[in-house]
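One gets the numbering used here by counting positions in the sequence shown from 1 and adding 101 to each. For each residue, glycine too, the CB sits at the ideal point set by N, CA and C. Notes follow the structure.
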Amino acid sequence: METKTNHWKTSYFVLIGLMAAIYAAVIYGVGMLTAVTIPVMHVFAPGMTGLLMGPIVLFVVKTVRRFGVLTLLAGLGVALFTLTGMGSINCLIFVVIIGLIADVIIAKTGFKTLSVGIGHGLTQAAYFTGGVFPFLFFLERELAKWQEMGMSREEILEYVKYFTGTFAVIGIVSAIVFGIAGVYIGKLILKRHFKER
């Protein structure tokens, strides 16, 4: 008689840790690419990250198949990125909260690809929302902080317009859509490795 256990194996934590390091590197790389282009590209950075990380997220979630795997993967990836000095605690908090909600949905639906895609898209949107949050609610504080770093008020306001209003909505929606697309690209890549369960 076969018994199924819900225990976490050490190998799961190793896998999540390694993939979280890749996650952080992808966030960093995409961030650097968007930083050297026009400011509007920052709106699409979480979407690009979601597209690139989708196959890895699907692989890890389908391999581990435990509640909390997405939260650990995305949360640790964002935490590692935050340690570079480029991330923010707001982003990390938003990702962990939404990751937990997504993990509930993923576990309740039996780790289906669609729920993994939606969960991944939502964590990418949460990352973007964490970055937008200070500009929506604490703009003057953010302006002062950026001016202390040597930017002029005009430069900052040019950048801020891409994190508010319509651009914020575009960033959130694109993060969700590209996150889902990334997971489905992963499904195509990994179709021999995983059968839909």
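Tell me whether residue i sits in a helix, a strand or coil according to DSSP, three-state version.
| i | result |
| --- | --- |
| residue 107 | coil |
| residue 254 | helix |
| residue 291 | coil |
| residue 242 | helix |
| residue 265 | coil |
| residue 137 | coil |
| residue 212 | coil |
| residue 187 | coil |
| residue 102 | Unreliable placement is indicated for residue 102, whose pLDDT of 42 sits below 50; no coordinate value is reported for it. |
| residue 148 | helix |
| residue 229 | helix |
Can you list, in chain order, the residues of its chain with a C-beta nearer than 6 Å to that of residue i? Leave out the 5 residues immediately preceding and following it.
| i | result |
| --- | --- |
| residue 199 | 223, 224 and 227 |
| residue 214 | 288 |
| residue 127 | 150, 153 and 154 |
| residue 272 | 144 and 229 |
What is the C-beta distance between residue i and residue j, in whole angstroms, given that I count them as a contact (C-beta under 8 Å)?
| i | j | result |
| --- | --- | --- |
| residue 161 | residue 117 | 6 Å |
| residue 121 | residue 178 | 4 Å |
| residue 212 | residue 166 | 5 Å |
Tell me which same chain residues have a C-beta within less than 7 Å of the C-beta of residue i, skipping the five on either side of it?
| i | result |
| --- | --- |
| residue 104 | Because residue 104 sits at a pLDDT of 47, beneath the cut-off of 50, its placement in the model cannot be relied upon, and the point is left open. |
Enumerate in chain order the residues of its own chain whose CB-to-CB distance from residue i is below 8 Å, with the five nearest sequence positions on each side excluded.
| i | result |
| --- | --- |
| residue 242 | 235 |
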